[in-house]
Amino acid sequence: MVATKAPPRDTLTVTDNRTGKQITIPIIHNSIQATAFKALKAVPRDGDREEDDYANGIRVYDPAFMNTAAISSKITYIDGDKGFLMHRGYPIEQLAEKSNFLETAYLLIYGELPSLQQKKVWEFEVMHHTFLAEDLMKIIGNMRYDSHPMSIFISAFAAMGAFAPDANPSLQGRNLYLNDKLTMNKNIIRIIGKAATVAAASMRVRMNRPFIAPRSDMTYTENMLYMMDAISGAEGYRPDKRLAKALDILFILHADHEMNCSTATMAHVGSSLVDPYSAIAAAAAALYGPLHGGANEAVIRMIERIGTVDKIPQFLEDVKSKKELLFGFGHRVYRNTDPRSKIIREVAETVFDAVGREPLIDVAIALRDAALKDEFFISRKLFPNVDYWSGLIYKAMGFPLDFFPILFAVPRVAGWLAHWKQSLEEGNGKIWRPRQLYVGEPRRDYLLLEERSEKEVVDPKRGVTVLPHFLSKRRMSKL
5 MVATKAPPRD TLTVTDNRTG KQITIPIIHN SIQATAFKAL KAVPRDGDRE
55 EDDYANGIRV YDPAFMNTAA ISSKITYIDG DKGFLMHRGY PIEQLAEKSN
105 FLETAYLLIY GELPSLQQKK VWEFEVMHHT FLAEDLMKII GNMRYDSHPM
155 SIFISAFAAM GAFAPDANPS LQGRNLYLND KLTMNKNIIR IIGKAATVAA
205 ASMRVRMNRP FIAPRSDMTY TENMLYMMDA ISGAEGYRPD KRLAKALDIL
255 FILHADHEMN CSTATMAHVG SSLVDPYSAI AAAAAALYGP LHGGANEAVI
305 RMIERIGTVD KIPQFLEDVK SKKELLFGFG HRVYRNTDPR SKIIREVAET
355 VFDAVGREPL IDVAIALRDA ALKDEFFISR KLFPNVDYWS GLIYKAMGFP
405 LDFFPILFAV PRVAGWLAHW KQSLEEGNGK IWRPRQLYVG EPRRDYLLLE
455 ERSEKEVVDP KRGVTVLPHF LSKRRMSKL
């Protein structure tokens, strides 16, 4: 008997039982190339659908990217089982304690902590690129006073690209950012600097107050609070340094979190080589959704609805019976405590010292304690996440609930830019184009109008097709 040589350990052998074909796929970084499965081609059998594309091999079907790595990255690492987060190798706890937001942004984007001189130049440049073009301010100022701040933020960045034609690959050449690092860095600085100004301007629109010019002699978060709160003509106002520092720590914690929805959007849109302002607008639109950037707002509404500590047991029972939703617990990645939530809980006390204790905090603490003692939530690994505490801090600081996503978006701009830059420099140069499984109708022939059966809902009184949401009763009467 001849012994067969075992395949190398770092491979995966797959046998296609339809054809008997076997392929061996290298395992690199505990992952395999999805394109390797294209080698497993088959001939459709009787009854098989041609639309299943047998000739081009097996596709990997993964709705919502539950187990698909779309990129390889050097930026952020998360260990969801241990509740661990680090940026460029630095644990988030150390950055929150020792760094500041602008330094962390530099680390995310350029890969290393800046030297003393680099830090001075970086902070000087960002804080001197905070002004917005006058015409852009007019666009923002013409927004409705009751506009959602994220609508203003998205619109402002979409418009901002029109004020930077030198930053547009559609005008300057598709390889602009690959060939011209000066332009790349200049626009990174512009975007980070202006993000806080756009955020403050959206707040001023809400308050129906004139815009306040930025100050370059303040820290990043101090300047943002100043632009929100200063009164025109008043001299000498400076925000409370405790609040500015607390917001700075929160910005560090929100700066990046790997391939979440908005960051994946930034990389996806950026793969078309569009200008970074348009890509930022797209990423902000993804963050706008209530399943992403609106989660901390949902936490506040939930705790307000509970109201008092004595109502917590019934609320948790309603969660178990699916009559209520529990916001701020659990995470798509973390299967343990979100490390950011521990830091935020400590920051909360600093904020309460400055502005007074938030009344809802007692309900929040009692809800957390009750949930962490309940086997139902423990078995499902539902622990408080970053949104659970951050909303309480923002509320205590006096921010409106619908402003919470803005406070998420401003720091996340740094992470978006880090991934955008990395994708351009280290990607394969191809536009992102996911595959799909087509499960619709097979090929069929066009039917003339008189040959089609009436399948739509028909209003029995008028005998005409009803398209709910489209026709009013007044317009229906004319049909």
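Taking the numbering used here, the leading residue of the sequence shown gets 5, the next gets one more, and so forth. Yeah, the Cβ is synthetic: ideal placement off N, Cα and C, and Gly gets one too.
Within a Cβ cutoff of 8 angstroms, which residues of the same chain sit near Ile-310, ignoring the five residues on either side of it in sequence?
Excluding positions up to five away in sequence, the list reads Ile-316, Phe-319, Val-367 and Leu-371.
So, with DSSP's three-state summary, where would you put Ser-206?
Ser-206: helix per DSSP, three-state reduction.
If the criterion is Cβ atoms closer than 7 angstroms, does the pair Val-355 and Ala-289 meet it?
Their beta carbons are not under 7 angstroms apart, which means Val-355 does not touch Ala-289 by this criterion.
Can you list, in chain order, the residues of its chain with a C-beta nearer than 6 angstroms to that of Val-273? Leave out the 5 residues immediately preceding and following it.
Excluding sequence neighbours, Val-273 sits near Ala-283 and Ala-286.
Between which two residues does the beta strand (DSSP E) holding Met-90 run?
Its beta strand (DSSP E) spans residues 88-91.
Would Thr-269 and Leu-251 qualify as a contact pair, given that the criterion is a beta-carbon distance under 7 angstroms?
No, these two residues do not count as a Cβ contact at 7 angstroms.
Going by the DSSP bridge assignment, what does Val-278 pair with across the sheet?
None, per the DSSP bridge assignment.
In terms of residue numbering, what span does the alpha helix (DSSP H) encompassing Thr-225 cover?
224-233 is the extent of the alpha helix (DSSP H) around Thr-225.
Between the alpha carbons of Pro-118 and Glu-54, how many angstroms are there, rounded?
Whole-angstrom Cα-Cα distance: 56 angstroms.
Find out if the Cβ-Cβ distance for the pair Leu-112, Gly-431 is shorter than 7 angstroms.
Contact: no.
If you follow the alpha helix (DSSP H) that Pro-409 is in, where does it begin and where does it stop?
408-430 is the extent of the alpha helix (DSSP H) around Pro-409.
With a Cβ-Cβ cutoff of 7 angstroms, do Ile-307 and Leu-247 count as a contact?
Result no, Cβ atoms of Ile-307 and Leu-247 do not sit closer than 7 angstroms.
Going by CA-CA distance only, name the one from Asn-183, His-91 and Arg-22 that's closest to Tyr-58.
With distances taken between Cα atoms, Tyr-58 lies closest to Arg-22.
Name the DSSP beta bridge partners of Thr-19, please?
BP columns for Thr-19 point to Gln-26.
Decide if Ile-31 is buried, meaning its Cβ has at least 16 other Cβ atoms within 10 Å, or exposed.
So Ile-31 counts as exposed.
Please list, in chain order, all residues of the same chain as Lys-190 whose beta carbon is under 6 angstroms from its beta carbon, the five residues on each side excluded.
Same-chain partners within the cutoff: there are none.
Using the Cα positions of Ala-259 and Lys-434, report the straight-line distance between them to the nearest angstrom.
Approximately 27 angstroms between the Cα atoms of the pair.
Given Val-18, which residues of its chain have a CB within under 6 angstroms of its CB, disregarding the five upstream and five downstream residues?
Only Ile-27 meet the Cβ criterion.
Report the option in Gly-334, Phe-407, Leu-175 and Ala-137 whose CA atom is closest to the CA atom of Tyr-392.
Taking only the C-alpha atoms, the option nearest Tyr-392 is Gly-334.
Flag this pair as yes or no: are the beta carbons of Ala-178 and Leu-277 separated by less than 7 angstroms?
Looking at the sequence provided, one finds Arg at residue 178 rather than Ala. Their beta carbons are under 7 angstroms apart, which means Arg-178 touches Leu-277 by this criterion.
Determine whether the beta carbon atoms of Phe-387 and Thr-341 lie at a separation below 7 angstroms.
The answer is yes: Cβ separation under 7 angstroms.
Which two residues bound the contiguous alpha helix (DSSP H) that contains Asp-83?
Here Asp-83 belongs to no alpha helix (DSSP H); instead the beta strand (DSSP E) covers 80-83.
Leaving out the 5 sequence neighbours to the left and right, which residues in its chain are closer than 8 angstroms to Asp-373 when beta-carbon positions are compared?
Closer than 8 angstroms at Cβ, skipping near neighbours: no residue.
Alpha carbon to alpha carbon, how far is Ala-205 from Met-231?
Rounded to whole angstroms, Ala-205 to Met-231 spans 8 angstroms at the Cα level.
Applying the 10 Å Cβ sphere with the 16-neighbour rule, what's the burial state of Leu-451?
Answer is exposed; the Cβ neighbour count stays below 16.
Measuring only the C-alpha atoms, how far is Val-351 from Asp-244?
Spanning the two alpha carbons is a distance of roughly 14 angstroms.
Beta carbon of Ala-74, beta carbon of Ser-35: below 7 angstroms?
It is not a contact, given that the beta carbons lie outside the stated cut-off.
With 16 other CB atoms within 10 Å as the buried threshold, where does Arg-1 fall?
Lying before the first or after the last residue shown, residue 1 is absent from the chain, which here runs from 5 to 483.
Using only alpha-carbon positions, find the residue among Phe-135, Glu-353, Leu-411 and Arg-63 that is nearest to Ala-217.
The option with the nearest alpha carbon to Ala-217 is Phe-135.
Suppose contacts are defined by Cβ-Cβ distances below 7 angstroms. Is Glu-362 in contact with Leu-405 by that definition?
Their beta carbons are not under 7 angstroms apart, which means Glu-362 does not touch Leu-405 by this criterion.
Identify, in the order they occur along the chain, each residue of the same chain with its Cβ nearer than 6 angstroms to the Cβ of Phe-331, setting aside the five sequence neighbours on each side.
Excluding residues within five positions, the ones whose Cβ falls inside 6 angstroms are Ala-302, Val-303 and Met-306.
Could you check if Phe-69 is buried or exposed, using at least 16 other CB atoms within 10 Å of its CB as the buried criterion?
Counting Cβ neighbours within 10 Å, Phe-69 comes out exposed, since fewer than 16 surround it.
My guess is that Ser-383 and Ile-348 are in contact by the Cβ rule of under 8 angstroms, so how many angstroms apart are they, rounded?
With 8 angstroms as the limit, Ser-383 and Ile-348 do not qualify as a contact, their Cβ atoms being about 25 angstroms apart.
For the ligand ATP, is there a heavy atom less than 6 angstroms away from the beta-carbon of Arg-344?
Absent from the structure shown: the ligand ATP. Ligands present: none.
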